[in-house]
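**Q** The sequence shown runs -22 to -1, 1 to 529 under mature numbering (1 follows the signal peptide of the UniProt record, and there is no 0). Even glycine gets a Cβ: it sits at the ideal position worked out from N, Cα and C. Just dropping this structure here.
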Amino acid sequence: MDVGNLRIHFAIFLSVLECCVGQQALPPGPVSGMLAGNVTFPTNSPQSPAQQFLTITWTFKSSIGPVPVVSSLPTLNNIPAAYEGRVTVNRTTGSLELRQLTLSDSGVYAVNMVTEKGVTLTGETNLDVYAPVSEVTATANTTSPVEFNDTVSVTCSARGSKLFFKWLNGTSEIVSGGRVSLSNGNRTLTISSILRYDSGPLYCNASNVFMTRRSVNVTFDVYFGPDNAVMTTVPQNNLYTTGSNLTLSCSALSNPPAELHWAFNGNLLVQVGSQLKLDSTLESQSGNYSCWAYNSKTQRYKPSGSSQITILQKISGANLTGPSGPMIAGNSSANLTCQAKAGHIDSREWLKNGKTLSPSDTVTISADKSSVSIKPVQVSDSGEYLCKLTNRVSNDNAVYKLIVSYGPGNVKVDGKRAVEVGTRVELKCSAESVPSATFSWAFNDTARNVITPEYIIDHATYKDTGRYTCVASNHVTGLNASFVHTLSVKEEGSLPGELSSGAIAGIVIGVLVAIVIIAVVVKKVMKKRNFHQLEMCAGPRKTNERIESPY
């Protein structure tokens, strides 16, 4: 026995001793593969040229017991005939490649690997071999159901292994809920009390982990209606008089299209069809006209609203009335009523500032649109309201201007916050208010006799430093609001970028001194003989020193 074989037998002996404490060789499974494809069983052993295994043994655990797949030694591989040409072992990592997969290859595979150091690595994993998905079909119990009456059931079938099913309507997945239920492993889709919107197209996706195939579309010709039977009269905006030619038209939502019948004052007429023509009308033909729609598949009828054919009087004397007292935002309620002295009113339209008035949390329009209630009024409700009254022969308008009092709000004071002593100060107060606010002022919480928006200090002193409070008042809302402005009076020259009053005084004194000096020189020239006297006249230096600018 040579040394190599001795090492092999010794390693096998060690593996027998250490099998119960061997390391886990395989990552968690399962491993998946396609029929006739290839699959690799990875191991937890890293790819390293420095690592070699003495033995690598793969077995398949069949129902009759373990079946050898491959036994790999450093110098040879023992592969049974059933796996000849289908397996390859990586001697560095111990991984196994299995090719030309068959469905019978599915099951549990085990590995036993012994390293050169005598460490045994074992593990097991599952192989799932999938047959391809094919022959996906969707079959419905009916394709022409009646809305609300019928329950539709569609079943999906397909060939392949380990399939799961999904139903879609267009691009949206269909899930169980409400009238829709999925059963038989999602193979069967059931829609109870089918609606016209359930027409599809529906289709089924059959999938496994490798592929997805879809069925052809299934659509339903849902019988529904008739609904929304509507009758119109042409012309609509003319006065109907004897001899007029009128055409009444009727339509309804229905599948199949509905049969349309006509009624006059509740009695069926012999005319059938989508139009009823009234030529050279007589006064005796005035009354209520309506149409009836009938669906032979659903066995349902639907009447339209009735239309009154009559002679109309023009609308006149439109009047829009509103509140007479002041309206206060957030507190008051306003009711606007629109009526006319004469004429039948077919429709009313409300506009505010030229745009259609829409209902909101605070604005309610009555069902007949004869009145508008605003409760409570808001600032935004101010404006011009117009009511437009219309019938088929005329229209008339009425206007009401609604003023909503509010405020004062957003009170602010514009003015400097720091000035030098002697500077003129102008503070201006403003506020948002309807009607315009009145103003009062307080200095350091003491009321001042100022009731204008402006507060003016001609010559600021240090005592003017403090808090100036502007109080804005609205005599309609009874509300007050205030703003506090802080003013600081600084010493002259302390604020950058400003010419202080002291500096101005210094300039003035300097000019005066220059004038005095010039006068002295002139006197000296004119009174040479009195030189000593001139010197006494021009020279009280103490006077010059006193008026010199201290700046």
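Roughly how many angstroms separate the alpha carbons of Ile487 and Ala396, rounded to a whole number?
**A** Cα to Cα, Ile487 sits roughly 27 Å from Ala396.
**Q** Have a look at Ala296, Pro386 and Cys407 and flag the residue whose alpha-carbon is nearest the alpha-carbon of Val377.
**A** It is Ala296 whose Cα lies nearest to the Cα of Val377.
**Q** Quick one: what's Phe126 bridged to in DSSP?
**A** DSSP output for Phe126 lists no bridge partner at all.
**Q** Roughly how far, in whole angstroms, is the beta-carbon of Phe198 from the beta-carbon of Val130, given that I think they are within contact range, below 8 Å?
**A** Contact holds; Cβ gap of about 6 Å.
**Q** List the endpoints of the continuous beta strand (DSSP E) containing Pro281.
**A** Looking at the DSSP string, the run of the beta strand (DSSP E) that includes Pro281 is Arg278 to Pro281.
**Q** With Gly7 and Thr103 assumed to form a contact (beta carbons below 8 Å), what rounded beta-carbon distance in angstroms separates them?
**A** Indeed they touch by this definition, with Cβ atoms about 4 Å apart.
**Q** Can you tell me whether Phe31 is buried or exposed? The criterion is at least 16 other CB atoms within 10 Å of its CB, across all chains shown.
**A** The residue is buried, with at least 16 neighbouring Cβ atoms inside 10 Å.
**Q** Looking at the structure shown, is Tyr440 part of a helix, part of a strand, or coil, going by DSSP?
**A** The answer is helix: DSSP assigns Tyr440 an H, G or I state.
**Q** Which of helix, strand or coil does DSSP assign to Asp423?
**A** Looking at Asp423 - three-state DSSP - the assignment turns out to be coil, as it is neither helix nor strand.
**Q** Could you check the C-alpha separation between Ser351 and Val462 for me, to the nearest Å?
**A** Rounded to the nearest angstrom, the two C-alpha atoms are 40 Å apart.
**Q** Please state the DSSP three-state secondary structure of Leu473.
**A** Reduced to three states, the DSSP call for Leu473 is coil.
**Q** Within its chain, find whatever has a CB closer than 7 Å to the CB of Pro474; leave out the 5 residues flanking it on each side and keep chain order.
**A** So the list is empty, once near-sequence residues are dropped.
**Q** With three or more C-beta pairs closer than 8 Å as the rule, is the segment 405 to 420 touching the segment 366 to 377?
**A** The answer is no - the segment 405 to 420 does not touch the segment 366 to 377, with fewer than three Cβ pairs under 8 Å.
**Q** Helix, strand or coil, according to DSSP, for Ala59 in the structure here?
**A** Note: Ala59 maps to helix in three-state DSSP.
**Q** Tell me whether the beta-carbon of residue 530 lies closer than 8 Å to the beta-carbon of Gly251.
**A** Coverage of the chain is limited to positions -22 through 529, which leaves residue 530 absent and any answer about it impossible.
**Q** Taking contact to mean 3 or more Cβ pairs, one atom from each stretch, closer than 8 Å, check whether the segment 272 to 281 and the segment 304 to 321 are in contact.
**A** In short, these stretches do not touch, since the Cβ pair count stays below three.
**Q** What do you get for Thr93, buried or exposed, if any count of 16 or more other CB atoms within 10 angstroms of its CB means buried?
**A** Under this definition Thr93 is a buried residue.
**Q** So, do the segment 182 to 190 and the segment 138 to 151 have three or more beta carbon pairs nearer to each other than 8 Å?
**A** The segment 182 to 190 vs the segment 138 to 151: in contact.
**Q** Going by DSSP, which residues form a beta bridge with Ala396?
**A** Bridge partners of Ala396: Ser466.
**Q** Sorted by chain position, which residues of the same chain lie with C-beta nearer than 8 Å to Leu246's C-beta, five sequence neighbours on each side aside?
**A** Closer than 8 Å at Cβ, skipping near neighbours: His239, Trp240 and Trp270.
**Q** Give a yes or no on contact between the segment 414 to 428 and the segment 443 to 453, applying the rule of three or more CB pairs nearer than 8 Å.
**A** Short answer: they touch.
**Q** Any idea what DSSP makes of Arg402, helix, strand or coil?
**A** If DSSP states are grouped into helix, strand and coil, Arg402 belongs with coil.
**Q** To the nearest angstrom, how far is it from the Cα of Ser284 to the Cα of Ser229?
**A** The alpha-carbon atoms of Ser284 and Ser229 are separated by roughly 13 Å.
**Q** In the DSSP assignment, the beta strand (DSSP E) including His239 goes from what residue to what residue?
**A** Element bounds for His239: Glu237 to Phe242.
**Q** Near Asn508, what residues of its chain come up, given a Cβ to Cβ distance below 7 Å and the 5 sequence neighbours on each side ignored?
**A** The predicted model places Asn508 with a pLDDT of 48, which falls under 50 and marks its position as unreliable; any figure quoted below should be read in that light. The answer is none, since no qualifying residue turns up.
**Q** If you measure between the beta carbons of Val355 and Val382, is that distance less than 8 Å?
**A** Their beta carbons are under 8 Å apart, which means Val355 touches Val382 by this criterion.
**Q** Quick one, are the C-beta atoms of Val391 and Lys406 less than 8 Å apart?
**A** In this structure, Lys406 lies closer than 8 Å to Val391 by Cβ.
**Q** How far does the beta strand (DSSP E) with Ala116 in it reach, from first residue to last?
**A** Element bounds for Ala116: Ser112 to Ala118.
**Q** Measuring only from the beta carbon, is Thr197 closer than 7 Å to any heavy atom that is part of the ligand GDP?
**A** Because no ligand of any kind appears in the structure shown, any question about the ligand GDP cannot be addressed here.
**Q** Below 8 Å on the Cβ atoms is my guess for Asn233 versus Val200; work out the distance and round it to an integer in Å.
**A** Sure, about 7 Å apart at Cβ, within 8 Å.
**Q** Going by C-alpha to C-alpha distance, which of Leu160, Thr121, Phe126 and Ile343 sits closest to Pro179?
**A** When each option's Cα is compared against that of Pro179, the closest is Thr121.
**Q** For Met12, which beta-bridge partners are listed by DSSP?
**A** Answer is Tyr108, bridged to Met12.
**Q** Under the three-state reduction of DSSP, which class applies to Ile435: helix, strand or coil?
**A** It is a strand residue.
**Q** Thr70 lies in the beta strand (DSSP E); which residues open and close that run?
**A** Neither: Thr70 is in no beta strand (DSSP E) and is coded neither H nor E.
**Q** What three-state label does DSSP hand Tyr218 in the structure shown?
**A** Coil at Tyr218, not helix or strand.
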